[in-house]
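Numbering (my numbering), first residue to last: 639 to 808.
Ideal Cβ positions, reconstructed from N, Cα and C, are used throughout, including at glycine.
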Amino acid sequence: TNTNESSEFKRTWNIKYVLRSHLDGIRCATFHPFESVVITGSEDRTLKLWNLEKSALLKKSTTTTTQDLEPVYTFRQHTAPVLCTAIHPYGEQFYSGGLDSIIAVWNIPNSEVDPYDAYDSSVLYKVLNGHTDAVWQLAVAGQKLLSCSADGSVRLWDANLHQPLLSTFN
């Protein structure tokens with residue numbers, strides 16, 4: 639390509655939101671399919687739900703405005719860093735995988751929840767066991783959940799969890 643053409647279309651990105659609540663690096667982030675929320679997974683073993691419509695003004699200058707986000711919910715189940723997340727197409731549940739070899743199935747709480755409310759045990763819907771090493775990636779298509787692991791296997795799950803494990807591929 640012509641360097642003059644590419645320089646004409648150079649984009650400048652500005653920071654819009656800052657996510658500061660994790661205590662270690664963020665490994666994954668997933669947008670909700672139709673709500674203005676993001677779910678992040680971290681090396682601190684937690685996942686956080688962020689409402690993009692609930693932000694506080696952090697810094698304002700003549701050229702940019704950055705907003706500081708606080709999580710509306712913190713999910714705790716993993717005993718090692720969280721590596722991946724995927725949201726069910728209907729947006730009611732999401733899945734997380736990590737170095738602890740489990741897949742956690744979560745009910746997504748209302749994005750208007752008070753972050754100071756008591757812990758709700760119904761948010762953790764189920765834990766899927768089957769992998770023997772880190773879960774690197776999750777993908778959802780229709781009613782199927784696919785998981786890839788460092789144990790060398792790919793597992794196909796029923797996303798409705800009526801019969802959780804459907805197949806294992808080595």
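- DSSP, reduced to helix, strand and coil, places Val751 outside both helices and strands of the structure shown, so it counts as coil.
- The DSSP assignment places complete beta strand (DSSP E) segments of no fewer than 3 residues inside the segment 701–771 at 703–707, 711–714, 720–725, 731–736, 741–745, 762–766, in order along the chain.
- Ranked by how close their Cα comes to the Cα of Asp662, the residues Pro719, Phe647, Pro709, Phe669 have Pro719 in first place.
- Rounded to the nearest angstrom, the Cβ distance from Thr723 to Cys666 is 5 Å, consistent with a contact under 8 Å.
- Note on geometry: alpha-carbon atoms of Asn745 and Ser791 lie some 26 Å from one another.
- Within a 10 Å sphere around the beta-carbon of Thr668 sit 16 or more other beta-carbons, which makes this residue buried.
- Within the DSSP bridge table, the entry for Lys782 names Ala779, Asp796 as partners.
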